[in-house]
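Residue numbers for the sequence shown follow full-length UniProt numbering, beginning at 1 and rising by one. Have a look at the structure below, then the notes.
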Amino acid sequence: MAREVLRRSVPASAATPWPDDFQRIVQQFLGDTDTTLSGAFSPALDVEETEDGFTMHVELPGVKPDEVDVSLEENVLTVSGKRDFYEEKNAEGFRRVERRFGRFHRAVRLPDRVDPDKVAATYKDGLLTVTVPKAESAKPRRIEVSTD
1 MAREVLRRSV PASAATPWPD DFQRIVQQFL GDTDTTLSGA FSPALDVEET
51 EDGFTMHVEL PGVKPDEVDV SLEENVLTVS GKRDFYEEKN AEGFRRVERR
101 FGRFHRAVRL PDRVDPDKVA ATYKDGLLTV TVPKAESAKP RRIEVSTD
């Protein structure tokens, strides 16, 4: 008794049990070349605490300083801006693009006792450094012990 085998193409959405978002994340992680060149991304960020304050180091290679916004509101330090795709080039000739382009946004909640009036930001060689000093009331004080 012979059986006839029918071969039909299965739609891509039915071929995988994973939702589209998960599939997209896996493809981006594994280096799928069809990933988008633009969209929101989060640059790498280091936060350092000293006795006098906090210092944030944000990697922003290829970002012009005038494309970066730094703000502090209700003890949340926010760094945002935009990195454009290579000037005078389009994406058609690229075989692989791992860098992210488009809007970026990072926000860090700081402790309550910082001095918002003395925040400073510098930008050099693709590294944004933001210093936020602690308020005087937050700094450790040495208390003299008296003897009677």
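Quick reminder that beta carbons are idealized off the backbone N, C-alpha and C, glycines included.
Checklist entry - Do the segment 122-136 and the segment 92-106 meet, that is, are 3 or more Cβ pairs less than 8 Å apart? => result At 8 Å Cβ cutoff, the stretches do not touch.
Checklist entry - Lys142: buried (16+ other C-beta within 10 angstroms of its C-beta) or exposed? => result The amino acid occupying residue 142 in the given sequence is Arg; Lys does not appear at that position. Arg142 comes out exposed.
Item to check | Candidates Gly81, Gly93 and Glu73, of which the one nearest Ala40 by Cα | outcome: Residue Gly81 is the option with its Cα nearest to Ala40.
Next on the checklist: Please classify Arg83 as buried or exposed, where buried requires at least 16 other C-beta atoms within 10 Å of its C-beta.
Outcome noted: Residue burial annotation: Arg83 is buried, with at least 16 other C-beta atoms found within 10 angstroms of its C-beta.
Item to check | Exposure of Val145, with buried meaning 16 or more beta-carbon neighbours within 10 Å | outcome: Counting Cβ neighbours within 10 Å, Val145 comes out exposed, since fewer than 16 surround it.
Checklist entry - Looking at the unbroken beta strand (DSSP E) that takes in Asp69, where does it start and where does it end? => result Looking at the DSSP string, the run of the beta strand (DSSP E) that includes Asp69 is Val68 to Glu73.
Checklist entry - With 16 as the cutoff for other CB atoms within 10 Å, does Pro61 come out buried or exposed? => result Label assigned to Pro61: exposed.
Next on the checklist: Using a 10 Å radius around the Cβ and a threshold of 16 neighbouring Cβ atoms, would you call Phe94 buried or exposed?
Outcome noted: Phe94 is exposed by the Cβ-count criterion.
Checklist entry - When burial is assigned at 16 or more other CB atoms within 10 Å of the CB, is Val130 buried or exposed? => result Label assigned to Val130: buried.
Checklist entry - Among Pro43, Asp46, Ser42 and Gly53, which residue has its Cα nearest to the Cα of Val132? => result Comparing Cα positions, the closest option is Gly53.
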